[in-house]
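Enquirer:
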Amino acid sequence: MIAAAVGAILLASITLYAILGGADFGGGLWDLLAGGDRRGAAPRRLIDESITPVWEANHVWLVFALVIFWTAFPRAFAAVMNAAALPLWLAVGGIVLRGAGFAFRKEAHGIGAQRAFGAVFACSSLLTPFFMGTVIGAVASGQVPADATQARLAAWTGPTSLLIGFLFVGACGYLAAIYLIGEAASRGERRLEAYFTRRAQAAGLVTGALSLGTLAELHGSYPALFRNLTGRALPLVIIAAVTGLAVVVLLVTGRPRGVRVLAVLGVAAVIWGWGVAQYPTVLPGTQVTLSNAGAPHATLAALVVLFVAVVLIVGPSFALLFALHGRQVLRHEGAQVALAPAGGGRAAPGRPGAGTRAAALGLVALGALVRALLRRRPNR
Amino acid sequence: MRLIGVAAVATRVGGEVVPARAQMATTLGFHIILACLGIALPTIVLIAEFIGLRRSDETAMLLARRWSQAMGVLVAVGAVTGTVLSFEMGLLWPGLMSRYGAVLGLPFGIEGLFFFLEAIFTAIYLYGWRRLPGWAHWWSGMPIALSGIFGAMSVIAVNAWMNQPGGFTARGGKIVSVDPWQVYFNHAAYYEMPHMILAAYMVSAFIVAGVYAAGILRGRRDRYHYTGFAIPFVTGAVITPFQIFVGDTAARAIAADQPVKFASMEYVTRTSRDVPEYLGGVYANGHVYAGLRIPGMDSLLVGFGTGTRVIGWDSVPPADRPPVPWLIHLCFDVMVGLGFLLLLAGLWALYVWWRRRRLPRARLFWLLGAVSGVAATAAMECGWVVTEVGRQPWVVYRLQTTAAAATHNGGVLTSLSLVIALYAVLGAATIVILRTLARRWRQGAAPEIAVPYGPPAGDRPAREAAP
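Chains H and C, in that order, give the protein sequences.
For the first sequence, the working numbering gives the first residue as 656, with consecutive numbering after it.
For the second sequence, the working numbering gives the first residue as 487, with consecutive numbering after it.
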């Protein structure tokens, strides 16, 4: 029972990584496809400003999911790491290049260096989710043996794994485009809003087609999973399909309100559909299940407590970050200075709104609380 | 230095364990510098901002802003190189993870919690400079400093556990029960945690101080450079004596808990009383060449009397001894020596301040200041060589060998080569970017390009460029 709870926690972490971190990779995809220096300047600036303050925090969900996986299901973790070593190494390389390229581009001197770092960032944003997808594909299609000690090329190069790799890239681009519509709208940038609306529609159609293709491929190659996807996981599959269609329809009719929530819901439904379909096995096609692969009870209980702590402490922190970011309080120094070449001072348009003041007050209150706690300690 | 050590090990053990160790050493040795900066640089920035806010000191405020901009680059590189290590735990050491993942995973999970807070508040702090009011901005940096310390504690808990494993019961090769509290606060945690956190503060403080000392040596003798030197240098100098005390305690604890590691650190060949201390020297074929031998000193340091019995490496069969005692010993000596050098630099500054109320003027002092960052970093890396190579052949002390933990997958040599090439480029690019920032600051100009990967700002409004 507790093992199932931890399995759900693992799936929740993966979901959060997909809808937060995935969109950051998608931003890199649109950066790659934005065209030359001049044509691509405006979308690139929007992408850069949207990703900058949040990508590192979003990225932590990956590390967290990894830690949950190896702590709760150590043998299954080792099996996946052994069997899918090559795509994992490639994904790791992509993670390094994406993060470094993105951070360096901002501070690089001269357009040549910025182009080079930008290309590194954008290309690795494309490759990383692809290889992560092939690993998930290898697990989902039962290509990871329970006692794997050797890497197998065939484990992640089957049609299902490759399709899921492309599906990941598509979903990242889809989410990013949807978020960027909102970012552009909140800045009043009509052209960019239309620009990303077109891309969101295209990405939505491609991702939908890839999902159907994956489902069809599973029907032939891995009927057990297909049966469950169209059986007990059917409600989630339907949610994914309906939300996807709704997003495309809303975008076509020019009513983008609410598409963000619908898109997130759709991607989450796909991930949970996969989880429900393969329940209770951890590695489909083997005897490794949540109950027999799990760590000792105390470890699992500690992980549940840890997750509750993360929800209670990290949740509000994320809310604060996103709230400040949404009100455009968080700006990269360099860009800020350049946007206001003369005089400096408060460069961003508009004064801090009520939300900003509330957040600032919150921070001061936090400070006062810490101070009070520190002061009380000697009395004990 | 790590690579030399690993190459030397290569003659002793075969298979993928050698490239796997080399790769872990390369990636960890690289990341640990960024980890130190991630743990302690925020505190140094906050000290500067505190001075800036409290005394309305424009110089301190400017330094805080600029340091936080450099921090943005360093934190990003640290985040991704840290992720590499997370993957390597499974990709290089599946044997360790499948057997002990349920035990050593917990401290990593707690680290994840603090990693979240660090990343979130770093973003708020770094990008909130313009629009968060002064003290609110300062307080938004506080969670970074605190989560840096607690996150480091959690990661060190894992390493300490590998040195002093406990808090679990195994039956038939399977972990059947775990006591999370005992895993986290294991027997080595109480000295490893403070030793590494203080080391992180020393490394960060002396690296920043070193940058400004180098500037002063080049004739940039202005208030900006002296303030930029003084804030981190005083922080580092205050910490150094505490670090030496903690390190001394740690060495004594290692003599008791991990006697074979200690024997390698101090060339204790056989268990005896009145053991001599060697300063430097290379051990080969049963002899110590070129070392300074102080009779009875090692016993004195271990038990406060020359009659103290110290356990030698003859207490275990040769297969259970660390492979290269000379490397462990020399790294230990270099670490201790550099620690005392940094203490000396601090005492020098203290003496001159006491007599003359100013910083020393001697060129030698500023040379010492300029190399202090490199010295602190080298000392920290040497310390890791001592603790990691000194634990060999075990990955989990006396429970699992490193060879049993390593991957059976081929191609680690390939990934090792690629990692070395990638990290060389990454390290060089990081330094180039930081120097670009410094040059831009010196010119006092705003960056001329606002839009990444786009035409210069002001050329024409970016909005019109959209299709």
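C-beta: ideal position from N, C-alpha, C; glycine also.
Assuming the contact rule is C-beta atoms closer than 8 Å, W621/C and L539/C should be a hit. Round their C-beta distance to whole Å, please.
Expert: Residue 621/C sits at position 135 when you count from the first residue of the second sequence. Residue 539/C sits at position 53 when you count from the first residue of the second sequence. At roughly 6 Å, the Cβ-Cβ gap stays under 8 Å, so W621/C and L539/C are in contact.
Enquirer: Whole angstroms is fine: what's the gap from A835/C's alpha carbon to A691/C's?
Expert: Numbered from its first residue, the second sequence carries residue 835/C at position 349. Numbered from its first residue, the second sequence carries residue 691/C at position 205. Taking the straight line joining both Cα atoms gives about 15 Å.
Enquirer: Using a threshold of 8 Å, state whether the C-beta atoms of M549/C and T513/C are closer than that.
Expert: The residue labelled residue 549/C in the question sits at position 63 within the second sequence. The residue labelled residue 513/C in the question sits at position 27 within the second sequence. As written in the sequence, residue 549/C is Leu, which differs from the Met given in the question. No.
Enquirer: By Cβ distance below 7 Å, which residues in the same chain neighbour Y672/H in space, the five residues on each side in sequence not counted?
Expert: As a position in the first sequence, residue 672/H is number 17, starting the count at 1. Closer than 7 Å at the Cβ level, and outside the excluded window around Y672/H, lie W716, L717 and A720.
Enquirer: Could you tell me which uninterrupted beta strand (DSSP E) segments, each at least 3 residues in length, are contained entirely in the stretch 767 to 846 of chain C, listed from first to last along the chain?
Expert: Complete beta strand (DSSP E) runs here, min 3: 768 to 770, 773 to 775 and 778 to 780.
Enquirer: When we look at the beta-carbon of P1007/H and count the other beta-carbons within 10 Å, is it buried (16 or more) or exposed?
Expert: Along the first sequence, read from residue 1 onward, the residue named residue 1007/H stands at position 352. Reliability of the predicted coordinates at P1007/H is poor, the pLDDT of 43 falling under 50, and no value is obtained from them.
Enquirer: Please classify E763/C: does DSSP put it in a helix, a strand, or coil?
Expert: Stepping through the second sequence from its first residue, residue 763/C is reached at position 277. In the structure shown, E763/C sits in a strand (DSSP, three-state: E or B).
Enquirer: Buried or exposed for S705/H, going by 16 or more other Cβ atoms inside 10 Å?
Expert: Working through the first sequence from its first residue, we reach residue 705/H at position 50. Counting Cβ neighbours within 10 Å, S705/H comes out buried, since at least 16 surround it.
Enquirer: Whose C-beta lies closer than 6 Å to the C-beta of G756/H among residues of the same chain, with five residues either side of it excluded?
Expert: Residue numbering aside, residue 756/H sits at position 101 when the first sequence is read from its first letter. Counting only Cβ-Cβ distances below 6 Å, and skipping sequence neighbours, we find F772, V775 and F776.
Enquirer: Mind checking W625/C: buried by the 16 CB within 10 Å criterion, or exposed?
Expert: Within the second sequence, the letter at position 139 stands for residue 625/C. Per the 10 Å Cβ criterion, buried.
Enquirer: Suppose you measure from the CA of A993/H to the CA of R986/H; what does that come to, to the nearest Å?
Expert: As a first step, residue 993/H must be located in the first sequence, where it is residue number 338. As a first step, residue 986/H must be located in the first sequence, where it is residue number 331. Residue placement at A993/H is flagged as unreliable, the pLDDT there being 33, under the threshold of 50; the coordinate-derived value follows with that caveat. When rounded, the distance between both Cα atoms is 12 Å.
Enquirer: Does the pairing of the stretch 904 to 911 of chain C with the stretch 789 to 798 of chain C give three or more beta-carbon distances under 8 Å?
Expert: Cβ pair count under 8 Å is below three, so no.
Enquirer: Would you kindly report the start and end of the unbroken alpha helix (DSSP H) that includes F731/C?
Expert: What you label residue 731/C is simply residue 245 of the second sequence in a count that begins at 1. First-last of the alpha helix (DSSP H) with F731/C: R709 to D743.
Enquirer: So that I know if they touch, is there some Cβ in chain H lying closer than 8 Å to that of L836/C?
Expert: Here the question's residue 836/C lines up with position 350 in the second sequence. No, its Cβ sits nowhere closer than 8 Å to a Cβ of chain H.
Enquirer: Could you check what DSSP says for R541/C in three-state terms: helix, strand or coil?
Expert: Position 55 of the second sequence holds residue 541/C. In this structure, R541/C counts as coil in the three-state DSSP scheme.
Enquirer: Confirm, please, whether the CB-CB distance from N737/H to Q805/H is below 8 Å.
Expert: The count along the first sequence starts at 1 and reaches residue 805/H at position 150. The count along the first sequence starts at 1 and reaches residue 737/H at position 82. The answer is yes: Cβ separation under 8 Å.
Enquirer: Could you tell me the distance, in whole angstroms, from the CA atom of F826/C to the CA atom of P651/C?
Expert: Looking up residue 826/C in the second sequence gives position 340. Looking up residue 651/C in the second sequence gives position 165. Distance between the alpha carbons of F826/C and P651/C: 31 Å.
Enquirer: Measuring only the C-alpha atoms, how far is D708/C from T726/C?
Expert: By one-based count along the second sequence, residue 708/C stands at place 222. By one-based count along the second sequence, residue 726/C stands at place 240. Each residue's alpha carbon lies about 27 Å from the other.
Enquirer: Taking DSSP's pairing of strands, which residues face V664/C in a bridge?
Expert: Walking along the second sequence from the start, residue 664/C turns up at place 178. Partner(s): F654/C.
Enquirer: Counting C-beta neighbours from all protein chains within 10 Å, is the total for Q878/C 16 or more, i.e. buried, or is it exposed?
Expert: On the second sequence, position 392 is the one that residue 878/C refers to. Buried, by the Cβ-count rule.
Enquirer: Check whether the Cβ atoms of I657/H and V959/H lie closer than 8 Å to each other.
Expert: Here residue 657/H is taken as the residue at index 2 of the first sequence, counted from 1. Here residue 959/H is taken as the residue at index 304 of the first sequence, counted from 1. It is a contact, given that the beta carbons lie within the stated cut-off.
Enquirer: May I have the straight-line CA-CA distance separating P742/H from I836/H, to the nearest angstrom?
Expert: Locating residue 742/H in the first sequence gives position 87, where the first residue counts as 1. Locating residue 836/H in the first sequence gives position 181, where the first residue counts as 1. Cα-Cα distance, rounded: 32 Å.
Enquirer: Would you say G587/C and P729/H are within 8 Å of each other, going by their C-beta atoms?
Expert: Taking the first residue of the second sequence as 1, we reach residue 587/C at position 101. Taking the first residue of the first sequence as 1, we reach residue 729/H at position 74. Going by C-beta atoms, G587/C is nearer than 8 Å to P729/H.
Enquirer: Leaving aside the five residues before and after W812/C along the sequence, list all residues of the same chain whose C-beta is less than 6 Å from its C-beta, in chain order.
Expert: Locating residue 812/C in the second sequence gives position 326, counting from the first residue. For W812/C, where only same-chain residues beyond five positions count, the Cβ hits under 6 Å are V768 and Y769.
Enquirer: Just verifying my parser: in three-state terms, what is the DSSP assignment at T863/C?
Expert: As a first step, residue 863/C must be located in the second sequence, where it is residue number 377. Three-state result, T863/C: helix.
Enquirer: Could you check whether the Cβ of P505/C sits closer than 8 Å to any Cβ belonging to chain H?
Expert: The residue you call residue 505/C lines up with position 19 of the second sequence. No - not a single Cβ of chain H is within 8 Å of the one on P505/C.
Enquirer: Once DSSP output is grouped into helix, strand and coil, what is the label at W744/H?
Expert: Against the first sequence, residue 744/H aligns to sequence position 89. In the structure shown, W744/H sits in a helix (DSSP, three-state: H, G or I).
Enquirer: Using a C-beta cutoff of 8 Å, does Y710/C count as contacting chain H?
Expert: Working through the second sequence from its first residue, we reach residue 710/C at position 224. Answer no: the Cβ-Cβ gap between Y710/C and chain H never drops below 8 Å.
Enquirer: Kindly list, in the order they appear in chain C, the residues whose Cβ is closer than 7 Å to that of A658/H.
Expert: One-based indexing of the first sequence puts residue 658/H at position 3. In chain order: nothing, as chain C lies at least about 12 Å away.
Enquirer: Please list the partners that H894/C has in chain H, where partner means a Cβ-to-Cβ separation under 8 Å.
Expert: Position 408 of the second sequence, counting from 1, holds the residue named residue 894/C. Neighbours of H894/C on chain H, chain order: N737, T804 and Q805.
Enquirer: With respect to the beta strand (DSSP E) encompassing W929/H, which residues constitute its N-terminal and C-terminal limits?
Expert: Within the first sequence, numbered from 1, the residue matching residue 929/H stands at position 274. Here W929/H belongs to no beta strand (DSSP E); instead the alpha helix (DSSP H) covers V914 to Q933.
Enquirer: Whole angstroms is fine: what's the gap from Q856/H's alpha carbon to Y829/H's?
Expert: Along the first sequence, read from residue 1 onward, the residue named residue 856/H stands at position 201. Along the first sequence, read from residue 1 onward, the residue named residue 829/H stands at position 174. Their Cα atoms are separated by approximately 8 Å.
Enquirer: DSSP state of S758/C, grouped into three classes?
Expert: In the second sequence, counting from the first residue as 1, residue 758/C sits at position 272. Here S758/C sits in strand by DSSP.
Enquirer: Alpha carbon to alpha carbon, how far is G981/H from V903/H?
Expert: Indexing the first sequence from 1 puts residue 981/H at position 326. Indexing the first sequence from 1 puts residue 903/H at position 248. Each residue's alpha carbon lies about 24 Å from the other.
Enquirer: Give the DSSP-derived three-state secondary structure of T873/C in the structure shown.
Expert: Taking the second sequence and counting its residues from 1, one reaches residue 873/C at position 387. Correct three-state label for T873/C: helix.
Enquirer: Quick one: is E838/H buried, meaning 16 or more other Cβ sit within 10 Å of its Cβ, or exposed?
Expert: Looking up residue 838/H in the first sequence gives position 183. Under this definition E838/H is a buried residue.
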